[in-house]
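All remarks here apply to the structure that follows.
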Amino acid sequence: MPAKIHKIDSIQALRAIAVILVVYVHAIDSSAEVFAKAQHSTFYYLENWGAIGLDLFFVISGFIMTRIIHSYQKSEGWKLFAYKRALRIIPLYWGISLVATLLISRTYSIKLATFIKTIVFFPFFESTFEFPVIGVGWSLSYEMYFYLLITMALFLRIRKPQQSTIALLLFLSVLGFFLNPTNVLSRFLSSPLLVEFALGIGCGLIYDYFRSATWGQWVAYVSFFAGLLGMVATIFWNYGTMSEAEFVTSNNYLAGLRSMVWGVPCALFLTGTILLERFYSFRVPSALIRIGDASYSNYLLHGLLISFARNTILKFNFSEPVYIMFLVSFCTVMGLIMYYFVEKPMTDRLNNYFFPKKIAQSNYA
């Protein structure tokens, strides 16, 4: 049985920050629709800035692969990795998508292409990048593609899969950026958004390299503050349409810009955070760890919650800031409930059923 992976609490805290940012930006979108003088949506470029949470998620995914990939570098390990990723992502996603389909179909008809995209993740049968039933599910297409590339590296028994995967991701991204193909599948397969996964893997390699505090502390401080400054600065800088999913999925130039403007600062911020935890052993608040654990449930569920709770919340005549914070808090609590009562029990049972002894023991699962 593969060894249990040590859990880095600050990664769960970053997951919590990432999902709160995503929920926050969608709460602002909702407030802009219902408040005549919505201040949050007109403060510089705050309205769409929270979308940076997704870029942080992509970087985190890359980092996590560096922590768990060694557990699967044995014979048939690629199968275990692929199955575990599938069990982690697909059941909850399909379940919530089914509920969303039943609710949405009462008012709107759902296109066949939307249903197909929800099921297969990849844009195999599309002339344009189709969004799934759950809007935020578009990002899972890139996640699943990234996992497929890792699976291929494990299948080929590559001795240094992290470095090889970084090279492949950068090659595909550069190719996609300069060619900017019009074919939806080619554009997807060569999206510069893949750079963010490569950055995450790089963060993991840096974390493993700086084990002593001699230079590591300097790297930690510089990375943390440079990343934080880079992330926050874009609130005041017009980053155009790169925050919108429909634009970055249809234009690789914008996807490349987003990877540089948001992906690089997120990677620096992550690197600084995990190194600071290593060298100073600070204690991450348990609430952030739990919210991080439930981030996937919250990420998938919050769009439905905002849509169906909005009219009820408006009856209380909240001010815009209170309205936004109530939505964020409500989605966070419901995400925790979904995680502890649905996602975690379901994932544990599926893993125990299919692989009671072989499945890798990872706290990042």
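Under our numbering, the first residue of the sequence shown is numbered 968, with each subsequent residue one higher.
Beta carbons are placed, not taken as given, at the ideal position from N, Cα and C, and that holds for glycine.
On a predicted model such as this, the values are computed, not experimentally measured, just so you know.
Residue j beta carbon less than 8 Å from that of residue i
i	j	result
Tyr1220	Leu1160	no
Ser1131	Ser1157	no
Ala1134	Ile1101	no
Leu1255	Ala980	yes
Tyr1290	Ile1304	no
Val1228	Ser977	no
Pro1099	Thr1118	no
Ile1036	Pro1128	yes
Val1295	Ile975	no
Ser1217	Phe1096	yes
Val1026	Glu1163	yes
Ala985	Phe1024	yes
Tyr1306	Ala1261	yes
Asp996	Arg1225	no
Phe1297	Phe1285	no
Leu1136	Phe1048	no
Glu1310	Leu1107	no
Gly1207	Phe1144	no
Met1313	Leu1272	no
Gly1171	Arg1034	yes
Ala994	Trp1105	no
Ile1071	Ile1063	no
Gly1169	Ala1234	yes
Glu1287	Ser1094	no
Ala1187	Gly1270	no
Asn1278	Tyr1012	no
Opening and closing residue of the alpha helix (DSSP H) in which residue i lies
i	result
Arg1257	1253 to 1260
Tyr1014	Position check: residue 1014 holds Glu in this sequence, whereas Tyr was assumed. From DSSP, the alpha helix (DSSP H) with Glu1014 extends over 1013 to 1016.
Gln979	976 to 1001
Phe1025	1019 to 1035
Tyr1290	1287 to 1305
Lys1311	1311 to 1321
Inset, instruction - Say whether the stretch 1254 to 1267 touches the stretch 1224 to 1244, bearing in mind that this needs 3 or more beta-carbon pairs closer than 8 Å, one atom from each stretch. - result: no
- Task: Please go through the stretch 1072 to 1106 and give each complete alpha helix (DSSP H) segment of 4 or more residues, from N-terminal end onward.
- Result: 1079 to 1087
For this session: Output the residue ranges of the alpha helix (DSSP H) runs that lie fully inside the stretch 1137 to 1206 and measure 4 residues or longer, sorted by chain position.
Result: 1151 to 1156, 1161 to 1176, 1180 to 1200
Where in the stretch 1207 to 1276 do unbroken runs of the beta strand (DSSP E), each at least 3 residues long, occur, reported from the N-terminal end onward?
none
Stretch pair the stretch 1044 to 1060 + the stretch 1016 to 1031: three plus CB contacts closer than 8 Å: no
Original post:
Between the stretch 1142 to 1153 and the stretch 1008 to 1021, do at least 3 Cβ pairs fall closer than 8 Å?
Top reply: no
Open item on the list: Three Cβ pairs or more, each shorter than 8 Å: is that satisfied between the stretch 1041 to 1053 and the stretch 1179 to 1194?
Closed with: no
* Asked: Counting Cβ pairs closer than 8 Å, one from the stretch 1197 to 1215 and one from the stretch 1229 to 1236, do we hit at least three?
  -> yes
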